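Residue numbers (this note's numbering), protein chains in the order written: chain A, 1 to 233; chain B, 1001 to 1233.
Idealized CB from N, CA, C, for every residue including glycine.
Note that this is a predicted model, so its numbers are computed, not measured.
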């Protein structure tokens, strides 16, 4: 782990979370924080641990997951630039999820106590945090709806459509993370995921390793029955 | 629907959400709000609609649910006194869930625009809202973990243990809502729920209509494998 100067990364100051706050307060938060590089497959924190830091993923890819007895499930794949997990930091309660890097990742570590202290003084930061928590809540509502109302191939179809939408409606793109992680995120075994990709072939989806091609967006959307409420971001 | 005077219900002012705010600001919120009684099975709002009101359930029972094409799933059973759905109100985004009364319910309707306006001026209200959103996020994380990591009988066992814990660890209690709603909440069909109750008989759970008796909490907990992180509330 190497320590880096935060000034190198102006995008941190432009994060929605920190953008509107008082300049002096932002400086206080950033000068009390650490920017560190972590290797792939490193556990950043574990479920049940008290939240010592707010994490902000600056580069790389992070998996939020939960281990049950003998089972393990991916809850979210965090892409840069995103903070996690604000809820545990704000409430000073133990993490409900564990986090590990999927690739080499650069993470800003903001001490939780510092974050809570500055939030009480800076209304813009508090408002931004509130907004972030609300979007996080809505994300989880969508994930739970998806898990309860859709069959596995429909979940995969929806995931591909959203992934493509986040990349400017690309027809051809590279999935992030391993297929094992994607299967777990969608609540499937790797074998189920392969079968689901097989089912989507009939809807014009071709897959070659991590590379996916959507031939017919309309056909895929008809199959996926996307949410009536469009994505927040 | 009958309009009621809010002064009749001092517990609204004692709600965690409104407790610490400035008295004059609270008076502004409450005098701009409506307290109404709704009959059972009345739809309060539908997914996709813009959030016009923050709802606070004062008496009764409310179901948050999502309808897919031909499918329907219970997301949460709201018990008094609880607000719903803060995330849509704060972000001014459409509801992701619908709400309907399960029994005759008294609901405080706080205009969303009023809520957003007062929040910007009252730091204590903003902080309380932030806390509420964080707890709501954690609730959804738990529900998704439950759905992804547990078999149906384990989900039922966990639900019974939590329900009992919320009632001072009662051994003998009445379930709220119909069994159909409970099945949907736990992601099961009514037939699956009956089978799950059958499985739990071996762990000392007896059920008679809506009345449940837990004979051996330790045996049930061993079967349920409860979360390592205890419930927030």
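Legend entry - Cβ contact (3+ pairs, closer than 8 Å) linking the region 149-158 of chain A and the region 122-139 of chain A: Taking 8 Å as the limit for Cβ pairs, the verdict is that the region 122-139 of chain A does not touch the region 149-158 of chain A.
Legend entry - Expected contact under 8 Å - CB spacing of residue 1181 of chain B and residue 1074 of chain B to nearest Å: Sequence index remark: in the second chain, residue 1181 of chain B carries index 181 (1-based). Sequence index remark: in the second chain, residue 1074 of chain B carries index 74 (1-based). That belief holds up - the Cβ atoms of residue 1181 of chain B and residue 1074 of chain B are roughly 5 Å apart, short of 8 Å.
Inset, instruction - Determine which residues of the region 1154-1180 of chain B have a Cβ less than 8 Å from any Cβ of chain A, and write them out in chain order. - result: Under the 8 Å Cβ criterion, the region 1154-1180 of chain B contributes no residue.
Inset, instruction - Mind checking which residues open and close the beta strand (DSSP E) that includes residue 1208 of chain B? - result: Taking the first residue of the second chain as position 1, residue 1208 of chain B is located at position 208. In the DSSP annotation of this structure, the continuous segment of the beta strand (DSSP E) that includes residue 1208 of chain B starts and ends at 1205-1208.
Inset, instruction - Might you give, ordered along the chain, the residues of its own chain that have their beta carbon closer than 6 Å to the beta carbon of residue 172 of chain A, omitting 5 neighbours on each side? - result: Translated into positions along the first chain, residue 172 of chain A becomes position 172. Excluding positions up to five away in sequence, the list reads 213.
Legend entry - Cβ neighbours of residue 1138 of chain B in the same chain (closer than 7 Å, five flanking residues each side left out): As a first step, residue 1138 of chain B is located in the second chain; it is residue number 138 there, counting from the start. Listed in chain order, the non-local C-beta contacts of residue 1138 of chain B below 7 Å within the same chain comprise 1232, local neighbours out to five positions each way being set aside.
Inset, instruction - Please determine, among A:168, A:208, A:165 and A:157, the residue with the shortest C-alpha to C-alpha distance to residue 200 of chain A. - result: Sequence index remark: in the first chain, residue 200 of chain A carries index 200 (1-based). Closest by alpha carbon: A:157.
Legend entry - Selected residue, minimal CA-CA separation from residue 1116 of chain B, among B:1096, B:1092 and B:1133: Numbered from 1 along the second chain, position 116 holds the residue referred to as residue 1116 of chain B. The option with the nearest alpha carbon to residue 1116 of chain B is B:1092.
Legend entry - DSSP state of residue 178 of chain A mapped onto helix, strand, coil: Residue 178 of chain A sits at position 178 when you count from the first residue of the first chain. It is coil, neither helix nor strand.
Inset, instruction - Determine the burial state of residue 1020 of chain B: buried for a count of at least 16 other Cβ atoms within 10 Å of its Cβ, exposed for fewer. - result: Working through the second chain from its first residue, we reach residue 1020 of chain B at position 20. Around the CB of residue 1020 of chain B, fewer than 16 other CB atoms lie within 10 Å, so the residue is classed as exposed.
Legend entry - First through last residue of the beta strand (DSSP E) which encompasses residue 1101 of chain B: Taking the first residue of the second chain as 1, we reach residue 1101 of chain B at position 101. Segment 1098-1101, the beta strand (DSSP E) holding residue 1101 of chain B.
Legend entry - Sub-8 Å separation of residue 147 of chain A and residue 1147 of chain B beta-carbons: Stepping through the first chain from its first residue, residue 147 of chain A is reached at position 147. Stepping through the second chain from its first residue, residue 1147 of chain B is reached at position 147. Taking 8 Å as the Cβ cut-off, residue 147 of chain A and residue 1147 of chain B qualify as a contacting pair.
Legend entry - Beta-carbon proximity check, residue 114 of chain A vs residue 40 of chain A, cutoff 8 Å: On the first chain, position 114 is the one that residue 114 of chain A refers to. On the first chain, position 40 is the one that residue 40 of chain A refers to. In this structure, residue 40 of chain A does not lie closer than 8 Å to residue 114 of chain A by Cβ.
Inset, instruction - Return yes when the Cβ of residue 196 of chain A is within less than 8 Å of the Cβ of residue 190 of chain A, no when it is not. - result: On the first chain, residue 190 of chain A is found 190 positions in, with the first residue counted as 1. On the first chain, residue 196 of chain A is found 196 positions in, with the first residue counted as 1. Taking the C-beta atoms as reference points, residue 196 of chain A is found no nearer than 8 Å to residue 190 of chain A.
Legend entry - Those runs of the beta strand (DSSP E) which lie wholly inside the region 107-184 of chain A and span at least 3 residues: Runs of the beta strand (DSSP E) inside the region 107-184 of chain A: 172-174.
Legend entry - Cross-chain neighbours of residue 43 of chain A in chain B, by beta carbon under 9 Å: Locating residue 43 of chain A in the first chain gives position 43, where the first residue counts as 1. Per Cβ cutoff of 9 Å: no residues; residue 43 of chain A is ~16 Å from chain B at best.
Legend entry - Closest residue to residue 194 of chain A among A:169, A:202, A:179 and A:185 (Cα-Cα distance): Position 194 of the first chain, counting from 1, holds the residue named residue 194 of chain A. Checked all of A:169, A:202, A:179 and A:185; the closest Cα to residue 194 of chain A is A:179.
Inset, instruction - Please state whether DSSP places residue 14 of chain A in a helix, a strand or coil. - result: Within the first chain, the letter at position 14 stands for residue 14 of chain A. Three-state DSSP puts residue 14 of chain A in coil, outside helix and strand.
Legend entry - Beta carbon proximity, residue 133 of chain A to chain B, threshold 8 Å: Position 133 of the first chain, counted from the start, is the residue given in the question as residue 133 of chain A. Residue 133 of chain A counts as touching chain B.
Inset, instruction - Please list, in chain order, all residues of the same chain as residue 207 of chain A whose beta carbon is under 7 Å from its beta carbon, the five residues on each side excluded. - result: In the first chain, residue 207 of chain A corresponds to position 207, counting from 1. Excluding residues within five positions, the ones whose Cβ falls inside 7 Å are 197.
Inset, instruction - Please state whether DSSP places residue 191 of chain A in a helix, a strand or coil. - result: As a working note, residue 191 of chain A is residue 191 in the first chain. Here residue 191 of chain A sits in helix by DSSP.
Inset, instruction - Starting from the N-terminal side, write out each stretch of the beta strand (DSSP E) that is 3 residues or longer and does not extend beyond the region 1024-1089 of chain B. - result: Runs of beta strand (DSSP E) with 3 or more residues, each lying fully within the region 1024-1089 of chain B, are found at 1034-1038, 1043-1045, 1053-1059, 1062-1067, 1072-1078 and 1082-1084, listed in chain order.
Inset, instruction - Look at the Cβ atom of residue 88 of chain A, then the Cβ atom of residue 94 of chain A, and state whether they are nearer than 8 Å. - result: Residue 88 of chain A sits at position 88 when you count from the first residue of the first chain. Residue 94 of chain A sits at position 94 when you count from the first residue of the first chain. Contact: yes.
Legend entry - Secondary structure of residue 1225 of chain B, DSSP reduced to three states: Taking the first residue of the second chain as position 1, residue 1225 of chain B is located at position 225. Here residue 1225 of chain B sits in coil by DSSP.
Legend entry - Chain-ordered neighbours of residue 228 of chain A on chain B, where CB pairs are closer than 8 Å: Residue 228 of chain A sits at position 228 when you count from the first residue of the first chain. Per Cβ cutoff of 8 Å: 1047 and 1048.
Legend entry - Rounded C-alpha distance that separates residue 62 of chain A from residue 185 of chain A: Stepping through the first chain from its first residue, residue 62 of chain A is reached at position 62. Stepping through the first chain from its first residue, residue 185 of chain A is reached at position 185. Residue 62 of chain A and residue 185 of chain A: Cα-Cα distance of roughly 13 Å.
Legend entry - Pick from B:1136, B:1046 and B:1225 that is closest to residue 1161 of chain B, judged by C-alpha positions: Position 161 of the second chain holds residue 1161 of chain B. The shortest CA-to-CA distance from residue 1161 of chain B to any of B:1136, B:1046 and B:1225 is the one to B:1225.
Legend entry - When B:1072, B:1118 and B:1046 are compared against residue 1084 of chain B, the one with the closest alpha-carbon: The residue given as residue 1084 of chain B occupies position 84 in the second chain. The shortest C-alpha separation from residue 1084 of chain B is found at B:1046.
Inset, instruction - Go through its chain and collect everything with a Cβ distance to residue 50 of chain A's Cβ below 7 Å, but skip five positions before and after it. - result: As a position in the first chain, residue 50 of chain A is number 50, starting the count at 1. Excluding residues within five positions, the ones whose Cβ falls inside 7 Å are 94.
Inset, instruction - Could you name the residues of chain B that residue 200 of chain A contacts, counting a contact when the two beta carbons are closer than 8 Å? - result: Start at 1 with the first residue of the first chain, and residue 200 of chain A comes out as number 200. Per Cβ cutoff of 8 Å: no residues; residue 200 of chain A is ~18 Å from chain B at best.
Legend entry - Chain-order list of residues whose beta-carbon lies under 6 Å from that of residue 1022 of chain B (same chain, five-residue window excluded): As a position in the second chain, residue 1022 of chain B is number 22, starting the count at 1. Around residue 1022 of chain B, the same chain offers 1122 as residues with beta carbons nearer than 6 Å, after the five sequence neighbours per side are excluded.
Inset, instruction - Spatial neighbours of residue 1066 of chain B within its chain, please: CB distance less than 8 Å, with the 5 preceding and 5 following residues excluded, ordered by chain position. - result: Here residue 1066 of chain B refers to the residue found at position 66 when the second chain is read from its first residue. Counting only Cβ-Cβ distances below 8 Å, and skipping sequence neighbours, we find 1047, 1072, 1073, 1075, 1096, 1097 and 1098.
Legend entry - Contacts of residue 1149 of chain B in chain A (Cβ-Cβ under 8 Å): Stepping through the second chain from its first residue, residue 1149 of chain B is reached at position 149. The answer, in chain order, is 66, 68, 71 and 73.
Legend entry - Cross-chain neighbours of residue 1032 of chain B in chain A, by beta carbon under 7 Å: If you number the second chain from 1, residue 1032 of chain B lands on position 32. Scanning chain A for C-beta atoms nearer than 7 Å to the C-beta of residue 1032 of chain B yields nothing, as the closest lies near 21 Å away.
Legend entry - Interface flag, residue 94 of chain A vs chain E, CB-CB below 8 Å: Although the question refers to chain E, the structure presented lacks it and instead comprises the protein chains A and B.
Inset, instruction - Consider the Cβ of residue 1082 of chain B: report whether some Cβ of chain A lies at a distance smaller than 8 Å. - result: For this step, residue 1082 of chain B is matched to residue 82 along the second chain. Judged by the 8 Å Cβ criterion, residue 1082 of chain B is not in contact with chain A.
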